[in-house]
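Protein chains in written order, with this note's numbering: chain R, 345 to 846; chain P, -12 to 81.
Accompanying notes for the structure given below.
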Amino acid sequence: MTPTVCDLFERQVRERPDATAVRTSGRSWTYAEFGGTTARLAARLRRGGAGPGGIVGLVAPRGPQALTGIVAILRSGAACLPLDPDDPPLRNREILDGTGCRQVLAAAPVEWLPGAQLIDDPTLEDEEEAPPAAPDPLDLAYAITTSGSTGRPKVVGVPHEGLSNLVAASIEDLDLVRPDDVMLWTLAVTVDSTMHDVLMPLCCGGCVAVPDPGELPAAGMLRAVRALGATVLEIPAAVLGPYGGSLLPRLAEAGVRLVITGGSQLDGPGLADADPLVVCNGYGPTETSVAPLWYRCDKSTPRWVPIGRPIRGVRAYVLDEELNPVPDGAAGQLYIAGAGLARGYLGLPGRTAAAFLPDPFSDTPGRRMYATGDRVRRQPDGEYVFLGRTDDQIKISGFRVEIGEVEHALRGCPGVADAAVLLRRDAPGGAALVAFLAGTPLSDEEISGRLRDRLPRHMVPRFHVWLDRLPLNRPGKIDRAALAEMPFADARADRRRTDDVT
Amino acid sequence: MIVSQEPVVEIVRRIVDKQLNLSAHGYELDADDDLWNMGMTSLTCMGLMLTVEDTFQIELPEEALREGTFRTVGTITAAVEAARSAHEKPERRV
Chain R
345 MTPTVCDLFE RQVRERPDAT AVRTSGRSWT YAEFGGTTAR LAARLRRGGA
395 GPGGIVGLVA PRGPQALTGI VAILRSGAAC LPLDPDDPPL RNREILDGTG
445 CRQVLAAAPV EWLPGAQLID DPTLEDEEEA PPAAPDPLDL AYAITTSGST
495 GRPKVVGVPH EGLSNLVAAS IEDLDLVRPD DVMLWTLAVT VDSTMHDVLM
545 PLCCGGCVAV PDPGELPAAG MLRAVRALGA TVLEIPAAVL GPYGGSLLPR
595 LAEAGVRLVI TGGSQLDGPG LADADPLVVC NGYGPTETSV APLWYRCDKS
645 TPRWVPIGRP IRGVRAYVLD EELNPVPDGA AGQLYIAGAG LARGYLGLPG
695 RTAAAFLPDP FSDTPGRRMY ATGDRVRRQP DGEYVFLGRT DDQIKISGFR
745 VEIGEVEHAL RGCPGVADAA VLLRRDAPGG AALVAFLAGT PLSDEEISGR
795 LRDRLPRHMV PRFHVWLDRL PLNRPGKIDR AALAEMPFAD ARADRRRTDD
845 VT
Chain P
-12 MIVSQEPVVE IVRRIVDKQL NLSAHGYELD ADDDLWNMGM TSLTCMGLML
38 TVEDTFQIEL PEEALREGTF RTVGTITAAV EAARSAHEKP ERRV
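Here it is as structure tokens:
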């Protein structure tokens, strides 16, 4: 049986107590120290009722405290539910209530959550290091919130089995992390890739480097790499695609050996031009444990980078609408089966059943496969290539957004009769969500303010365009193709032209 | 050394315009327009930083990697000129 990440971490604490587990610009923690801190916090959580089968919330920005929180929650046997302290309290409250989560760890006092346990509570020093609660492979390891098309977020529950399979493949098959690596933690706490990025080094004796919170996080990356001696880091495909050609040589010069990427389609040149630095592209929805397919870039890699092939224990099927396999080279929807499937959407059995179908290709009864909603084809060489979505889910800065959830929130604003939201790559300032609205116009400030009470920041449209009515196509649906072409940002330009005349 | 005849401010203006996709929307950029108010995100700002560094073959010093440096075409131009003169007169560097 594959050991869980808790087993692997505890083995490192026993075998390499003096190795550095965590590093910031200010200090570092050995495995023995980090093991002790997380064991005491885990013991406190267990005294409060946490354990296998339970869920503990984590309200903390990226930082050493959040890392302590993640590991402590896992070691208590419970599943970690990370929440963004900057997200609307209303939304975070709803998620905690909806998952029946009663215990929460926080980096700082939270106004809307007076009962939260502070991660650096000084009284934890007196806590006994109770024997570890060994979670079962089928117990949940973490729960990640994703956008829901019907207007409510969904919480995906992922068992230890999937996470430990990915970590084992990352260390033993994919060479994503080595005991002498320093992995720079670059992503948000609430993204499932964070679980992979921070836990795999801790499972093999490597070091997690936590950057300082920065004013300009993207530009600060190089500085953090140099200051912390990072050898591996994850850069979202949304950044690496356009800027990899310029960034990778600088990272290689600073000593980085591997850049992990993912989150959206990787599209860009020069990804194998910073030898010996290697780029590895991971693909996968949260529902399949971070990334069940991996691709390693080389000189022959095309600009539109393949998503690779399944890791150990994972099966990938390309099926038509009747769930029949399509031949290699033909387009179909990608289904994922085997190790790594999430348990489903917590508290939403209907939505779970709609996405996790019985696996018709498995001899074992009860096995399921996840319908990714991604259109792909399998190349003759066995690599899979992403072609697009089968629905209107989009990715913005690597965040997965169901357009339906944004439109639902817009329709809840007074005065909005109808709403359509599009991702416009041609927006001023770069790709942006644009809301096309019909009804009684509200000011931009008012509408953004109302949405910010409901939605995470990356889901709030940056532009609002009021129309007399939304254009319809022949079947009477909103004509998204027309909206995709509609000029929308010229209001400011008009104002400007007027200024120029006067 | 090959010195471009085009003033730095014009090159910066062109880089910003391309990075932020502004002229496509009929917008003419002034040297003091606040780019953060024109839709610039931390992602597009990083693209801007990398393109500026590549174009002028400079490395902006750490203290220049702030929001304020990238606020306007004027502030970016000033940062480029500072980095260039530091490069040309290393003995003056403090």
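Yeah, the Cβ is synthetic: ideal placement off N, Cα and C, and Gly gets one too.
Through-space distance from residue j to residue i, alpha-carbon basis
i                  : j                 : result
Arg390 of chain R  : Pro671 of chain R : 51 Å
Leu827 of chain R  : Asp812 of chain R : 13 Å
Gly673 of chain R  : Leu457 of chain R : 52 Å
Asp736 of chain R  : Ile747 of chain R : 6 Å
Ala779 of chain R  : Leu795 of chain R : 12 Å
Leu510 of chain R  : Pro693 of chain R : 26 Å
Phe832 of chain R  : His12 of chain P  : 8 Å
Gly612 of chain R  : Gly588 of chain R : 7 Å
Pro669 of chain R  : Pro433 of chain R : 45 Å
Tyr14 of chain P   : Asn8 of chain P   : 9 Å
Leu35 of chain P   : Val622 of chain R : 24 Å
Pro347 of chain R  : Arg824 of chain R : 48 Å
Gly413 of chain R  : Met33 of chain P  : 30 Å
Ala837 of chain R  : Asp483 of chain R : With a pLDDT of 41 at Ala837 of chain R, under the threshold of 50, the modelled position of this residue cannot be trusted, and the question is left open.
Ala835 of chain R  : His808 of chain R : With a pLDDT of only 42 at Ala835 of chain R, under the threshold of 50, the placement of this residue in the model should not be trusted; the figure read from the coordinates follows. Straight-line Cα distance between these residues: approximately 11 Å.
Arg923 of chain R  : Leu766 of chain R : No answer is possible for residue 923 of chain R: the residues shown for chain R start at 345 and end at 846.
His540 of chain R  : Thr494 of chain R : 29 Å
Thr846 of chain R  : Ser10 of chain P  : In this predicted model, Thr846 of chain R has a pLDDT of only 31, less than 50, meaning its place in the structure is not dependable; the value taken from the coordinates is given anyway. Approximately 21 Å between the Cα atoms of the pair.
Val542 of chain R  : Ala18 of chain P  : 43 Å
Asp517 of chain R  : Pro479 of chain R : 25 Å
Leu449 of chain R  : Gly397 of chain R : 17 Å
Glu751 of chain R  : Ala764 of chain R : 6 Å
Gln(-8) of chain P : Leu47 of chain P  : 22 Å
Ser633 of chain R  : Leu690 of chain R : 15 Å
Terminal residues of the beta strand (DSSP E) in which residue i lies
i                 : result
Phe353 of chain R : Per DSSP, Phe353 of chain R belongs to no beta strand (DSSP E); it is in the alpha helix (DSSP H), Val349 to Glu359.
Thr489 of chain R : Leu484 to Thr490
Asn625 of chain R : Val622 to Tyr627
Gly501 of chain R : Lys498 to Pro503
Met713 of chain R : Arg712 to Arg722
Ser372 of chain R : Ser372 to Thr374
Of the residues the options, the one placed nearest residue i, counting alpha carbons only
i                 : options                                   : result
Ile439 of chain R : R:Pro586, R:Gln723, R:Thr534 and R:Gly783 : R:Thr534
Arg419 of chain R : R:Tyr639, R:Asp428, R:Gly783 and R:Phe378 : R:Phe378
Val804 of chain R : R:Ser706, R:Met544, R:Thr368 and R:Ala776 : R:Ala776
Thr784 of chain R : R:Leu402, R:Gly421 and R:Val760           : R:Val760
Leu462 of chain R : R:Ala410, R:Ala771 and R:Val499           : R:Ala410
Trp810 of chain R : R:His802, R:Met830 and R:Leu799           : R:Met830
Pro453 of chain R : R:Cys547, R:Gly444, R:Arg818 and R:Asp464 : R:Asp464
Leu602 of chain R : R:Ser633, R:Tyr639, R:Asn436 and R:Pro629 : R:Tyr639
Gly393 of chain R : R:Thr412, R:Gly413, R:Thr374 and R:Ile417 : R:Ile417
Ala451 of chain R : R:Ile488, R:Pro429, R:Cys445 and R:Asp519 : R:Pro429
Pro800 of chain R : R:Ala532, R:Ala635, R:Ser508 and R:Cys424 : R:Ala532
Cys624 of chain R : R:Ala675, R:Pro650 and R:Cys424           : R:Pro650
Tyr728 of chain R : R:Ala512, R:Asp351, R:Asp524 and R:Gly626 : R:Gly626
Thr530 of chain R : R:Glu666, R:Ala365, R:Val745 and R:Val576 : R:Val576
Gly606 of chain R : R:Ile579, R:Thr632 and R:Gly599           : R:Ile579
Ala581 of chain R : R:Asp797, R:Ile604, R:Met565 and R:Ala596 : R:Ile604
Gly506 of chain R : R:Pro481, R:Ser491 and R:Arg798           : R:Pro481
Delimiting residues of the alpha helix (DSSP H) encompassing residue i
i                  : result
Tyr587 of chain R  : Ala581 to Glu597
Glu(-3) of chain P : Val(-5) to Leu7
Gly783 of chain R  : Not the alpha helix (DSSP H): Gly783 of chain R falls in the beta strand (DSSP E), residues Ala776 to Gly783.
Gln409 of chain R  : Pro408 to Arg419
Thr605 of chain R  : Per DSSP, Thr605 of chain R belongs to no alpha helix (DSSP H); it is in the beta strand (DSSP E), Leu602 to Thr605.
Phe43 of chain P   : Ser29 to Phe43
Pro433 of chain R  : Pro433 to Gly442
Proximal chain A residues relative to residue i, where beta-carbon distance stays under 8 Å
i                : result
Leu30 of chain P : The structure shown has no chain A; the protein chains it does contain are R and P.
Select from the region 403 to 422 of chain R all residues with a C-beta closer than 7 Å to any C-beta belonging to chain P, and list them in chain order. none
Quick one, which residues of the region 33 to 63 of chain P are near chain R if we go by CB-CB under 7 Å, in chain order? Within the region 33 to 63 of chain P, those residues whose Cβ lies closer than 7 Å to any Cβ of chain R are, in chain order, Met33, Gly34, Met36, Leu37, Asp41, Glu49, Leu52, Arg53 and Glu54.
Are the region 48 to 65 of chain P and the region 18 to 31 of chain P touching by the rule of at least three beta carbon pairs closer than 8 Å? yes
Quick check: the region 379 to 398 of chain R against the region 566 to 581 of chain R, are at least 3 beta-carbon pairs closer than 8 Å? no
Check whether the region 456 to 473 of chain R and the region 617 to 624 of chain R touch, using three or more Cβ-Cβ pairs below 8 Å as the test. no
Contact between the region 674 to 681 of chain R and the region 644 to 663 of chain R is defined here as three or more beta-carbon pairs at a separation below 8 Å; is this criterion met? yes
Is there contact between the region 63 to 70 of chain P and the region -9 to 5 of chain P, where contact requires at least three CB pairs shorter than 8 Å? These segments touch.
Below 8 Å, how does it come out for the region 693 to 703 of chain R and the region 643 to 655 of chain R: are there three or more Cβ pairs, yes or no? no
So if I threshold CB-CB distances at 7 Å, which residues from the region 585 to 616 of chain R count as touching chain P? Pro586, Tyr587, Ser590 and Leu591
Along the region 782 to 815 of chain R, where does the CB come closer than 9 Å to a CB of chain P? Name the residues. Arg806 and Phe807
Residues of the region 760 to 778 of chain R with a CB closer than 7 Å to any CB of chain P: list them in chain order, please. Asp770, Ala771, Pro772, Gly773, Gly774 and Ala776
Residues of the region 519 to 531 of chain R in Cβ contact with chain P at a cutoff of 8 Å, in chain order, please. Here the close residues number zero.
For the region 1 to 13 of chain P, list every residue whose C-beta sits within 9 Å of some C-beta in chain R, in sequence order. Gln6, Leu7, Asn8, Leu9, Ala11, His12 and Gly13
Select from the region 725 to 754 of chain R all residues with a C-beta closer than 9 Å to any C-beta belonging to chain P, and list them in chain order. Ser741
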